[in-house]
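Student:
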Amino acid sequence: MAAAGAAKVTAAAAASAVFRSNQELTRLARSGQLAAARRLFDSMPRRNTVTYNAMLSALARHGRIDEARALFDGMPSRNAVSWNAMIAALSDHGRVADARSLFDRMPGRDDFSWTVMVSCYARAGELELARDVLDRMPGDKCTPCYNAMISGYAKNGRFDHAVKLLREMPAPDLVSWNSALAGLTQSGEMVRALQFFDEMVEKDMVSWNLMLEGFVRAGDLDAASGFFAKIESPNVISWVTLLNGYCRAGRIGDARDLFDRMPERNAVAWNVMLDGYVRLSHLEEACKLFDEMPGKNSISWTTIISGLARAGKLQEAKDLLDKMSFNCVAAKTALMHGYLQRNMVDDAIRIFDGMEVCDTVCWNTMISGYVQCGMLEEAMLLFQRMPNKDAVSWNTMIAGYAQGGQMSKAIGIFRRMSRRNTVSWNSVISGFVQNGLFVDALHHFMLMRRGTYRADWSTYASCLRACANLVAFHVGRQLHSLLVRSGHINDSFAGNALISTYAKCGRILEAKQIFDEMVGKDIVSWNALIDGYASNGQGTEAISVFREMEANGVRPDEVTFVGILSACSHAGLIDEGLGFFYSVTKEYSLKPIAEHYACMADLLGRAGKLNEAFELVQGMQIQPNAGVWGALLGACQMHKNHELARLAAEKLSELEPCKASNYVLLSNISAEAGKWDEAEKARASIKEKGANKPPGLAGST
DNA sequence: TATGCGTAGT
Numbered sequence: 001m002a003a004a005g006a007a008k009v010t011a012a013a014a015a016s017a018v019f020r021s022n023q024e025l026t027r028l029a030r031s032g033q034l035a036a037a038r039r040l041f042d043s044m045p046r047r048n049t050v051t052y053n054a055m056l057s058a059l060a061r062h063g064r065i066d067e068a069r070a071l072f073d074g075m076p077s078r079n080a081v082s083w084n085a086m087i088a089a090l091s092d093h094g095r096v097a098d099a100r101s102l103f104d105r106m107p108g109r110d111d112f113s114w115t116v117m118v119s120c121y122a123r124a125g126e127l128e129l130a131r132d133v134l135d136r137m138p139g140d141k142c143t144p145c146y147n148a149m150i151s152g153y154a155k156n157g158r159f160d161h162a163v164k165l166l167r168e169m170p171a172p173d174l175v176s177w178n179s180a181l182a183g184l185t186q187s188g189e190m191v192r193a194l195q196f197f198d199e200m201v202e203k204d205m206v207s208w209n210l211m212l213e214g215f216v217r218a219g220d221l222d223a224a225s226g227f228f229a230k231i232e233s234p235n236v237i238s239w240v241t242l243l244n245g246y247c248r249a250g251r252i253g254d255a256r257d258l259f260d261r262m263p264e265r266n267a268v269a270w271n272v273m274l275d276g277y278v279r280l281s282h283l284e285e286a287c288k289l290f291d292e293m294p295g296k297n298s299i300s301w302t303t304i305i306s307g308l309a310r311a312g313k314l315q316e317a318k319d320l321l322d323k324m325s326f327n328c329v330a331a332k333t334a335l336m337h338g339y340l341q342r343n344m345v346d347d348a349i350r351i352f353d354g355m356e357v358c359d360t361v362c363w364n365t366m367i368s369g370y371v372q373c374g375m376l377e378e379a380m381l382l383f384q385r386m387p388n389k390d391a392v393s394w395n396t397m398i399a400g401y402a403q404g405g406q407m408s409k410a411i412g413i414f415r416r417m418s419r420r421n422t423v424s425w426n427s428v429i430s431g432f433v434q435n436g437l438f439v440d441a442l443h444h445f446m447l448m449r450r451g452t453y454r455a456d457w458s459t460y461a462s463c464l465r466a467c468a469n470l471v472a473f474h475v476g477r478q479l480h481s482l483l484v485r486s487g488h489i490n491d492s493f494a495g496n497a498l499i500s501t502y503a504k505c506g507r508i509l510e511a512k513q514i515f516d517e518m519v520g521k522d523i524v525s526w527n528a529l530i531d532g533y534a535s536n537g538q539g540t541e542a543i544s545v546f547r548e549m550e551a552n553g554v555r556p557d558e559v560t561f562v563g564i565l566s567a568c569s570h571a572g573l574i575d576e577g578l579g580f581f582y583s584v585t586k587e588y589s590l591k592p593i594a595e596h597y598a599c600m601a602d603l604l605g606r607a608g609k610l611n612e613a614f615e616l617v618q619g620m621q622i623q624p625n626a627g628v629w630g631a632l633l634g635a636c637q638m639h640k641n642h643e644l645a646r647l648a649a650e651k652l653s654e655l656e657p658c659k660a661s662n663y664v665l666l667s668n669i670s671a672e673a674g675k676w677d678e679a680e681k682a683r684a685s686i687k688e689k690g691a692n693k694p695p696g697l698a699g700s701t
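Taken in order, the first sequence gives residues 1 to 701; the numbers are from full-length UniProt numbering.
Now the structure itself:
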């Protein structure tokens with residue numbers, strides 16, 4: 001009896017010890033102290049299901065999804081909470097198929113399980129599957145489960161479906177109504193949103209704030225502030241929403257007034273104000289606000305550090321980072337990015353290597369930094385070491401190799417990629433275009449369309465460029481009709497690309513028509529038309545478009561003058577060309593760029609004024625590039641000035657030592673002038689310097 | 001432990 005009693009007491013003590021440890025574990029897990037939670041978990045002599053569930057949620061919260069799964073698989077016993085937590089974790093990380101497979105195997109599914117599964121599909125845009133799960137739910141379906149479905153419909157643009165379900169469900173609550181409303185406000189349909197809002201019998205702060213955020217999102221700040229004034233007792237989220245609107249619109253004065261008038265300011269309010277200053281590069285105000293801010297959190301630190309880093313104030317950013325008392329991956333990533341933008345690779349590596357935890361964004365930053373610095377091998381090594389590659393990681397490598405002229409490697413990675421997206425296809429297609437492989441670009445566009453991938457403006461821009469270069473008018477016209485069908489035609493960049501393509505194909509009338517019909521003409525549109533006339537030899541028309549552009553109050557930029565000068569050059573308008581060239585600095589206060597000099601060298605050179613052209617090049621404030629020497633060389637060959645031609649060819653081969661055609665040119669020029677030794681020397685350089693033909697590609701996907 | 005609103009790093 002006594003022994004049994006003692007055993008009971010011991011068991012009770014042990015149970016209460018487990019209970020206390022579980023409470024501590026839950027506290028650690030919720031306050032983000034994963035390492036401490038793990039230590040406690042490992043040190044516990046006895047654990048129950050609650051212990052395991054707490055550890056599972058902690059791992060899931062930190063994105064350690066595979067560790068969570070391992071723990072789940074090894075649990076001695078599981079209850080509904082364990083199953084639900086695991087399914088929710090998989091769902092949160094987009095692992096839809098894994099979530100479903102666990103859901104199917106789960107014994108005794110409860111309301112929560114069904115809701116998580118519906119929400120999982122809904123958030124992934126799989127509306128039919130979500131609806132199927134909802135329909136299969138046995139007995140009385142719970143309101144949250146309906147709401148998850150309404151939210152799915154609304155956020156995926158199926159507002160009518162959302163409303164239909166709202167009317168059909170047995171017990172809609174405010175969340176149901178707000179979920180539907182969010183579909184309208186978040187897609188900027190404020191007219192319908194307003195109608196729906198008026199229809200709502202009951203409204204809470206979420207409803208009002210959704211409307212407010214809708215006006216902000218639509219960029220209608222006056223409507224937003226008017227609406228804000230109508231809210232009887234705005235809560236901190238209402239204030240922050242309007243504050244954020246002013247900041248994003250650049251109305252920093254209004255923002256600050258509002259911020260000062262706020263009855264209570266939480267960390268989000270401070271962070272939004274801080275971000276407002278940072279975005280407008282008002283760094284002094286930002287730093288002052290940051291100093292004054294009570295309760296700075298990781299977002300505050302990241303905001304200020306990234307602002308300083310972007311502005312190149314790397315020492316100040318580093319000093320701040322050193323003052324941080326806690327670990328923040330985002331802030332370190334921002335500083336790393338700042339270093340990499342300025343080619344300070346060693347400093348970036350020091351941060352990267354010193355990080356004990358490093359997430360996908362951080363790895364991607366380092367990889368893309370290497371790529372930007374031209375260090376492709378280092379990027380590849382990191383890419384291979386990286387544990388959880390996402391689409392950004394793959395796409396960065398593809399784009400890196402493509403831009404580095406290594407299309408075979410780019411394609412190799414592209415082929416190994418299991419879940420390609422639009423960006424992946426865009427990277428290879430634009431890579432082909434940049435490397436002059438226009439047919440391959442269009443071929444891959446065809447392959448892309450054969451899959452279920454959706455082309456975006458970037459895809460079309462690359463393909464149109466390919467058409468322009470191939471003078472493939474009919475393909476261009478097909479792309480034009482695809483653009484109309486896809487709805488991208490109203491984007492100004494698509495219109496601009498079309499103008500260039502039609503013009504380059506010699507269809508200047510069609511180009512002009514697109515231009516005339518365009519709603520949002522910008523400087524690029526004008527430049528495209530001017531350049532179009534220029535490349536069709538219609539110099540006078542190019543100049544008259546230029547005049548029209550000025551009459552419309554559009555200020556010409558450097559690119560405009562590249563078009564105008566080449567128009568003059570093609571049409572032999574020497575005096576006009578010289579006039580425009582001098583006006584670049586005198587009238588328009590622009591800095592002449594190398595392309596302007598190349599046009600002028602071409603203009604003067606074609607007219608036989610080789611010495612004047614050469615003098616112009618010699619007097620350049622900036623370093624002449626290959627285009628400039630190439631233009632001069634062309635003119636020299638036209639007018640048989642061997643001496644100057646040889647000089648230009650030499651400069652060219654200095655600037656592009658790996659381009660074989662430069663040595664061939666130099667060799668031919670020397671041979672023509674009877675300088676056989678030098679001709680031979682130039683030929684030898686091809687092998688010696690390992691000069692290559694432009695990169696080609698064997699085979700395709 | 002779910003469903004509707006505000007902030008940071010590629």
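The beta-carbon is built from N, C-alpha and C at its ideal position, and this holds for glycine as well.
#1: Bridge partners of lysine 141, per DSSP?
#2: Hey, could you find the ends of the alpha helix (DSSP H) phenylalanine 438 is sitting in?
#3: So within the stretch 591 to 669, which uninterrupted alpha helix (DSSP H) runs reach at least 4 residues, ignoring any that extend past its ends?
#4: Reducing DSSP to helix, strand and coil, say where arginine 61 ends up.
#5: In the DSSP assignment, find the alpha helix (DSSP H) that holds glutamine 478 and state where it starts and stops.
#6: Using three-state DSSP, classify aspartate 456 as helix, strand or coil.
#7: Do you know how far the Cα of leucine 509 is from the Cα of leucine 221?
#8: Give the straight-line distance between the Cα atoms of cysteine 636 and alanine 671, rounded to the nearest whole angstrom.
#9: Considering only residues of the same chain and omitting the five flanking positions on each side of asparagine 327, which have a CB-CB separation below 6 Å?
#10: To the nearest angstrom, report how far apart glutamine 372 and leucine 382 are at their CA atoms.
#11: Looking at the structure shown, is serine 179 part of a helix, part of a strand, or coil, going by DSSP?
#12: What residue range is occupied by the uninterrupted alpha helix (DSSP H) comprising alanine 249?
#13: Distance check for methionine 117 and alanine 70, CA to CA, integer angstroms please.
#14: Is the stretch 577 to 593 touching the stretch 627 to 636 in the sense that three or more CB pairs, one from each, lie closer than 8 Å?
#15: If you draw a straight line from the alpha carbon of asparagine 490 to that of asparagine 297, how long is it in whole angstroms?
#16: Within a Cβ cutoff of 7 Å, which residues of the same chain sit near isoleucine 231, ignoring the five residues on either side of it in sequence?
#17: Please list, in chain order, all residues of the same chain as leucine 655 whose beta carbon is under 8 Å from its beta carbon, the five residues on each side excluded.
#18: So, are the CB atoms of leucine 134 and leucine 181 less than 8 Å apart?
#19: Where does glutamate 285 sit, in a helix, a strand or coil, going by DSSP?
#20: For my contact list, glycine 226 and threonine 185 are in at a C-beta cut-off of 8 Å; report their separation, rounded to the angstrom.
#21: My guess is that leucine 242 and valine 216 are in contact by the Cβ rule of under 8 Å, so how many angstroms apart are they, rounded?
#22: State the DSSP-derived secondary structure class of tyrosine 582, mapped to helix, strand or coil.
#23: Taking the alpha carbon of leucine 340 as the reference point, which residue from Asp359, Ala309, Met355 has its own alpha carbon closest?
#24: Can you grab the Cα-Cα spacing for the pair phenylalanine 414 / phenylalanine 196, in whole Å?
#25: Among residues of its own chain, excluding the 5 on either side of glycine 520, which ones have a beta-carbon nearer than 6 Å to its beta-carbon?
#26: Span of the alpha helix (DSSP H) holding serine 298?
#27: What are the uninterrupted segments assigned as alpha helix (DSSP H) that are 4 or more residues long and contained completely in the stretch 89 to 128, given in chain order?
#28: What is the C-beta distance between leucine 578 and tyrosine 597, in whole angstroms, given that I count them as a contact (C-beta under 8 Å)?
#29: Restricting to runs no shorter than 4 residues, where is the alpha helix (DSSP H) found entirely within the stretch 529 to 586?
#30: Which runs of the alpha helix (DSSP H) fall wholly inside the stretch 378 to 407 and span at least 4 residues, in chain order?
#31: Which value, in whole angstroms, describes the spacing of the CA atoms of glycine 539 and leucine 603?
#32: Can you tell me which of the three DSSP states cysteine 463 falls into?
#33: Using beta-carbon positions only, say whether asparagine 156 and serine 179 come within less than 8 Å of one another.
#34: Excluding the 5 residues flanking isoleucine 299 on each side, which residues of the same chain have their C-beta closer than 6 Å to its C-beta?
#35: Which value, in whole angstroms, describes the spacing of the CA atoms of glutamine 315 and arginine 350?
#36: Looking at the secondary structure, which residues open and close the alpha helix (DSSP H) in which glycine 276 lies?
Tutor: Here's the rundown:
#1: DSSP output for lysine 141 lists no bridge partner at all.
#2: 438 to 450
#3: 594 to 606, 610 to 618, 626 to 638, 642 to 655
#4: helix
#5: 473 to 486
#6: coil
#7: 41 Å
#8: 15 Å
#9: none
#10: 14 Å
#11: helix
#12: No alpha helix (DSSP H) holds alanine 249; DSSP gives it neither H nor E.
#13: 21 Å
#14: no
#15: 42 Å
#16: Trp208, Ser238
#17: Asn625, Ala626, Trp629
#18: no
#19: helix
#20: In fact, because the Cβ distance is near 16 Å, the residues do not count as touching under 8 Å.
#21: 7 Å
#22: helix
#23: Ala309
#24: 46 Å
#25: Ser492
#26: 298 to 310
#27: 96 to 105, 111 to 123
#28: No, leucine 578 and tyrosine 597 are not in contact; Cβ-Cβ is about 13 Å, not under 8 Å.
#29: 539 to 551, 558 to 571, 574 to 586
#30: 391 to 403
#31: 12 Å
#32: helix
#33: no
#34: Asn271
#35: 14 Å
#36: 267 to 279
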